[in-house]
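**Student:**
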């Protein structure tokens, strides 16, 4: 099992969610709808200086689904090259 985290600009949240639901029917996830932070040289603080925000999606997937997730996110990143879409995965174990 993997825990995946997708961190991206709020503006592409719907596109990412739709792609995952279309290509992985039944995927279960939790979304943190508004998060602040810094990625590289870009700040997302939701204020007057740095008005944009990010979102985080967390999901636990089977080992055999990781390549499919990578491909789905890769395709969304190709469509939205400037949005800094990040996918992280770590091995997880339900206790």
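Residue numbers (our numbering): 18 to 112.
Even for Gly, the Cβ is constructed at its ideal location relative to N, Cα and C.
Predicted, not measured: the structure shown is a model, and the values here were computed from it.
1) Could you pull out every residue in the same chain whose Cβ sits closer than 8 angstroms to the Cβ of residue 57, ignoring the five residues on either side in sequence?
2) Touching or not, the stretch 18-30 and the stretch 58-74, by the rule of three or more beta carbon pairs under 8 angstroms?
3) Below 7 angstroms CB to CB, which residues in the same chain sit around residue 54 once its five sequence neighbours on both sides are set aside?
4) Closer than 6 angstroms by C-beta to residue 50: which residues in its own chain qualify, once you throw out the five before and the five after it? Chain order, please.
5) Any idea what DSSP makes of residue 61, helix, strand or coil?
6) Taking only three categories from DSSP, how would you classify residue 36?
7) When the Cα of residue 21 is compared with those of 65, 79, 66, 31, which residue comes out closest?
8) Would you identify the three-state DSSP class for residue 24, choosing helix, strand or coil?
9) How is residue 96 classed by DSSP in three states: helix, strand or coil?
**Tutor:** Taking the coordinates as given:
1) Correct list, in chain order: 101.
2) Short answer: they touch.
3) Setting aside the 5 residues that flank it on each side, residue 54 is surrounded in the same chain by 61, 71, each with a C-beta closer than 7 angstroms to its C-beta; the list follows chain order.
4) The residues are 72.
5) In this structure, DSSP gives residue 61 an extended state, which the three-state scheme calls strand.
6) Helix.
7) Restricting attention to 65, 79, 66, 31, the CA atom closest to the CA of residue 21 is found in 79.
8) If DSSP states are grouped into helix, strand and coil, residue 24 belongs with the strands.
9) DSSP places residue 96 in helix when its eight states are reduced to three.
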